[in-house]
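Q: Here it is, the structure in full.
Structure, rendered in structure tokens:
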């Protein structure tokens, strides 16, 4: 098991709140990109394993697991919010990608924000 996943499994606590900002902040975890590998398959596997840890830890509430690249910080960020919020906690525009397309954008170090479309690339899935 990836050392970051082992640490996540040990320390993850999920907060549920009517305030999406509180949920987003409390349920966000960051990983440095250089520890995740440099190919789509390795990154995809890590994200699926990460999702499984969140899914196993979450309370009995329908939630959305999501991730994005903070390009300026060089970090992959993952989080979870209740589906009752009906949206993700981003102020700007997002572009929802499949896992494969998202992993490809990560290997290029592209968050989408600084591209021509100026939309944050996000992979999300219900858990």
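In our numbering, the protein residues as written are 51 to 177.
Here a beta-carbon is modelled for each residue, glycine too, at the ideal position from N, C-alpha and C.
1. Could you tell me whether the Cβ atoms of residue 114 and residue 176 are closer together than 9 Å?
2. Provide the residue span of the beta strand (DSSP E) that contains residue 165, from first to last.
3. Considering residue 172, what are the terminal residues of the beta strand (DSSP E) in which it resides?
4. If you drop the 5 nearest sequence neighbours on each side, which residues of the same chain put their C-beta closer than 7 Å to that of residue 66?
5. Taking 8 Å as the limit between beta carbons, can you name the residues of its chain near residue 105, skipping five residues before and five after?
6. Does residue 82 come out as helix, strand or coil in the three-state DSSP assignment?
A: So, from the listed chains and residues:
1. Cβ distance < 9 Å, so residue 114 and residue 176 count as in contact.
2. First-last for residue 165: undefined, no H or E at that position.
3. Annotation: the continuous beta strand (DSSP E) that includes residue 172 extends over 170-176.
4. The answer, listed in chain order, is 73, 109, 111 and 132.
5. Hits under 8 Å: 115 and 177.
6. Correct three-state label for residue 82: strand.
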